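Notes follow the structure.
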Amino acid sequence: MKRSTVIAADVSVTRPQRCENPPLPYRRTTPQLFTLALLAEIPISTRQRSYLRADRPAYHARMVPPKRLLVPLGAILLLVSAGVALREVQQTQNTPPAPNSEIRRVDRFTNRNVLVPQPIGGPATPADLRLTSEVGALRADWTDAGASGYEVTWRHGGVLDHTLLTIQPEVRLDGLRTGVSYSIEVRAVDAYGKRSNPATATGTPAAAPDNSWKKPLTGLFDDFSDVSTLTSRWHLSGYQGCVDAGSGGGGLVIGLECGTDQAVLRARSRIELASNGELGRIAVVTDAAGPGGQLTVDLSPGPVDRVGPSLPPGTVQIVVDDQGARVLAADDVPRVGQSRSDPVPPRGVGVPHRFEIALRSDGITVLQDGREIGFGGIALPARSTTVLFGFQGPAGLKSRVFVGGAGFSGSPTPVDSVSEVSLVPATLRALAPGEGAPGIGISRKPLVGTVSARYVATVRAGDGLDVGGLAVQLGDTTYPLAQAVPGPVPADSVTTVYADLPPPLLGLGGPDQLSPYVLRSARGEATIVESYLELHHSGPVPPAALAPLQPAPADVQLPRVVVTSSEDGGRVVLNITLDGRYTKEVAGIAGFEVWQDGKLVCGQPTDTGGPGLGGRYTVIFSAGSVARGQHTFDVRQYPADAGKLPTSVLKDVTVT
3 MKRSTVIAAD VSVTRPQRCE NPPLPYRRTT PQLFTLALLA EIPISTRQRS YLRADRPAYH
63 ARMVPPKRLL VPLGAILLLV SAGVALREVQ QTQNTPPAPN SEIRRVDRFT NRNVLVPQPI
123 GGPATPADLR LTSEVGALRA DWTDAGASGY EVTWRHGGVL DHTLLTIQPE VRLDGLRTGV
183 SYSIEVRAVD AYGKRSNPAT ATGTPAAAPD NSWKKPLTGL FDDFSDVSTL TSRWHLSGYQ
243 GCVDAGSGGG GLVIGLECGT DQAVLRARSR IELASNGELG RIAVVTDAAG PGGQLTVDLS
303 PGPVDRVGPS LPPGTVQIVV DDQGARVLAA DDVPRVGQSR SDPVPPRGVG VPHRFEIALR
363 SDGITVLQDG REIGFGGIAL PARSTTVLFG FQGPAGLKSR VFVGGAGFSG SPTPVDSVSE
423 VSLVPATLRA LAPGEGAPGI GISRKPLVGT VSARYVATVR AGDGLDVGGL AVQLGDTTYP
483 LAQAVPGPVP ADSVTTVYAD LPPPLLGLGG PDQLSPYVLR SARGEATIVE SYLELHHSGP
543 VPPAALAPLQ PAPADVQLPR VVVTSSEDGG RVVLNITLDG RYTKEVAGIA GFEVWQDGKL
603 VCGQPTDTGG PGLGGRYTVI FSAGSVARGQ HTFDVRQYPA DAGKLPTSVL KDVTVT
């Protein structure tokens, strides 16, 4: 029975092409044949069997001529004697040649039992290209027609400035000159690199920002131009080592270093609502709601530092992400109408938008750049509430979030002179009363001379937790903890607890160390998410020195290679995704190869009209073509820039 493998991608029409053997230039060269070729001065290829064509003219790359080699007889004998070792290395490693400075090509290749479809046609020209002028920048967006991605080019005075590849139908072009007219071209790109005709538009960056949206924000507004004052107006919540903050791009930059955490900014002052009409307005400028990310705005009756998956009593939560805008509320919050979420075009990576929350007696409206994107028929139960902004990046990926400003309406509320000291407990797990504690504590020095001090912790509930049984032990004394918002805490949700520390701890007399520092739980399990001392001072405090941000992810990245497998009617199916959704700019790719158990089974170029940017592909091994048992498939992605190393993902598949 003939074995066959079919590879298909996201194209509507395909034409299979059969190739019984690899092209002649790629037949394996044995050490003995290599030696004879040297003796006869035969032009040969010294490439390994990776099927990378760095020696073909591509995108105006230079043609590399075949090599003609002459070596002494001694060297020839050495090569012959090393024949077996050379053959073993070739059979076990199958590594591609070292990259060079030229543009790389991947040849379409199949073995004698493989079918490779050829795409017919190309993507449609992007529609509805729009430009929005910003200071030193232009924001370009267009209607997503379902292409794998897009190529964006901009020029001024006929001179090419830059070309980038992106997956999302929106980009922000930074670093432009005020008063200069720029011509923008956008082409759709399919999974094989075919380009559409361009959509074109012309725009000029704005000379001054539009600040009209800031006028209602009379209660609090922070443009984060000076992040050294961050802790005087806000508390930034996040796992230690996973969330950090700094300045950049004219605002606040939050580093999400672990790929799973949420950073939360809680305003120290509260929003006071009006009695009629528009009761209040909240606004934030951020890029957090981009692909795979999420923005939350929480309205809480008490000063919680974060809201978990279960909303505490009296809490309202607004969520903005890829699925739209949603207004959620705890069970005890009154409903006054229906809720809805309006369709929103995909947002680009690193493209800030202005999100506003308009609070009225008949419901809550969510706006993006002045356009309504969602509504919740929910009435706030209180005339005053704590505001929290939550920022989360794509799951599993290190990311950066930009916050260009945040605030809310109402009467301005003076904020006490306050500072924070982050604490590290001896153990994150809450100990039972009387259970032995590690001899690790905290310094009492920050407490000395302060007007008042509060211990604050965010706790994740475990099985059977009774929050009323929580207490903090500082040295020889245990202090009971109260909830910022009273109410039950289901398992795996979080609650913020606190204890006001007594005046004797703030005086000059007393121990230098308070040891141990642990959380105690009389009933049920709990773990500390974060904890700190909130210190109030009689006079101004020096600005807090923020630790430097960790290195940011690169703006230009190769697509991630994601491989899944299944069996269908005896056939083995590999679903391959070259996914560049979460990077600002996609590094162009030449194509990919699939190797089965160390043997190349197909090569697929993705650069028909220029460097590719990925897409979805399916490789189908016909029934019986893959023997029963475990097999390893190696999917190798090759950058168009031969100076960059390929990436590889292994997928183990067991055929039954």
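Sequential numbering of the sequence shown, starting at 3, is according to the working numbering.
Even glycine gets a Cβ: it sits at the ideal position worked out from N, Cα and C.
All values derive from a computational prediction rather than experimental measurement.
Ordered along the chain, which non-local residues of its own chain (more than five positions away) have a Cβ less than 6 angstroms from that of residue i?
i: P607; result: V108, R110 and G593
i: V558; result: E587 and A589
i: L38; result: The pLDDT assigned to L38 is 35, lower than 50, so where the model puts this residue is not dependable; a value taken from the coordinates is nonetheless given after this. Taken in chain order, the list of residues that qualify is empty.
i: D225; result: G407
i: N577; result: T566 and T620
i: Y241; result: D263
i: L166; result: V154 and E587
i: S424; result: Y534
Cα-Cα, which of the options is closest to residue i?
i: P427; options: G477, G412 and V403; result: G477
i: G443; options: P492, V450, A455 and Q515; result: Q515
i: P345; options: A408, E358 and G326; result: G326
i: G520; options: E437, H538 and L508; result: Note that residue 520 is Val in the sequence shown, not Gly. Comparing Cα-Cα distances from V520 to each of E437, H538 and L508, the minimum goes to E437.
i: A126; options: V137, L140, I105 and G151; result: G151
i: K216; options: V651, R356, V306 and W597; result: R356
i: L275; options: P218, V637 and G605; result: P218
i: R179; options: T168, A193, L167 and H158; result: H158
i: S445; options: L162, S567, V657 and Y534; result: Y534
i: S419; options: L258, R235, I256 and K646; result: R235
i: H633; options: G605, C604 and G600; result: G600
i: V417; options: P613, G160, R270 and E259; result: R270
i: A432; options: S424, G489, S413 and A459; result: A459
i: K646; options: D654, I591, V655 and V637; result: I591
i: V603; options: G614, T585, L369 and S627; result: S627
i: A501; options: R573, G526, G511 and L483; result: L483
Check whether the Cβ atoms of residue i and residue j lie closer than 9 angstroms to each other.
i: V499; j: L472; result: yes
i: R349; j: P396; result: no
i: F635; j: A408; result: no
i: G295; j: F404; result: no
i: L548; j: G248; result: yes
i: V154; j: G611; result: no
i: A291; j: V318; result: no
i: S517; j: G631; result: no
i: I622; j: V575; result: yes
i: V353; j: R583; result: no
i: E374; j: A285; result: no
i: L503; j: R462; result: no
i: L238; j: A265; result: yes
i: R197; j: G251; result: no
i: R193; j: G617; result: As written in the sequence, residue 193 is Ala, which differs from the Arg given in the question. The answer is yes: Cβ separation under 9 angstroms.
Am I right that residue i and residue j are in contact with their C-beta atoms under 8 angstroms? What's the rounded C-beta distance?
i: I530; j: L430; result: 5 angstroms
i: E422; j: E536; result: 6 angstroms
i: V306; j: I320; result: With a Cβ gap of about 16 angstroms, V306 and I320 do not count as contacting.
i: A625; j: G571; result: 6 angstroms
i: G392; j: F377; result: At roughly 20 angstroms, the Cβ-Cβ gap does not stay under 8 angstroms, so G392 and F377 are not in contact.
i: P555; j: L580; result: Their Cβ separation, rounded to whole angstroms, is 18 angstroms, which puts P555 and L580 out of contact at 8 angstroms.
i: T480; j: H539; result: Their Cβ separation, rounded to whole angstroms, is 27 angstroms, which puts T480 and H539 out of contact at 8 angstroms.
i: A546; j: S230; result: 6 angstroms
To which residues of the same chain is residue i closer than 8 angstroms at the C-beta, ignoring the five residues directly before and after it?
i: T145; result: P128, A129, D130, P171 and P347
i: G261; result: G395, P396, A397, G398, L399, K400 and S401
i: A332; result: L313, P314, P315, G316, T317 and V318
i: K447; result: D514
i: G138; result: D176, G177, L178, R179, T180 and P207
i: L361; result: L275, E280, L281, G282, R283, I284 and L382
i: T204; result: L133, S183, Y184, S185 and I186
i: G509; result: V450
i: V487; result: S302, P303, G304, V306, P314, P315, G316, T317, T497 and T498
Excluding sequence positions up to five away, which residues of its chain have a Cβ less than 7 angstroms from the Cβ of residue i?
i: H164; result: W156
i: P383; result: G316, V335 and P336
i: F387; result: The sequence shown places Thr at residue 387, rather than the Phe named in the question. Hits under 7 angstroms: R272, I273, L301, S302 and P303.
i: D351; result: For the sequence presented, residue 351 should be read as Val rather than Asp. Excluding residues within five positions, the ones whose Cβ falls inside 7 angstroms are Q170, G292, P293, Y584, T585 and K586.
i: R328; result: V321, S343 and G376
i: D143; result: R132, P171, E172 and P347
i: V491; result: A463, L467, V469 and T497
Discussion item. I'd like the ranges of any alpha helix (DSSP H) spanning at least 4 consecutive residues and lying wholly in the region 547-595.
Written reply: Runs of the alpha helix (DSSP H) lying entirely within the region 547-595, each at least 4 residues long, are absent.
Worksheet entry | Contained alpha helix (DSSP H) runs [length at least 4] in the region 207-281, N- to C-terminal order | 232-235, all fully within the region 207-281.
Worksheet item: In chain order, which alpha helix (DSSP H) runs of at least 4 residues are fully inside the region 337-407?
Response: For the region 337-407, not a single whole alpha helix (DSSP H) run of length 4 or above is found.
Worksheet item: What beta strand (DSSP E) runs, 3 residues minimum, are completely inside the region 147-175?
Response: The qualifying runs are 151-158, 161-168 and 172-175.
Worksheet item: What beta strand (DSSP E) runs, 3 residues minimum, are completely inside the region 441-501?
Response: Counting whole runs of 3 or more residues, the region 441-501 contains the beta strand (DSSP E) stretches 454-463, 472-476 and 479-482.
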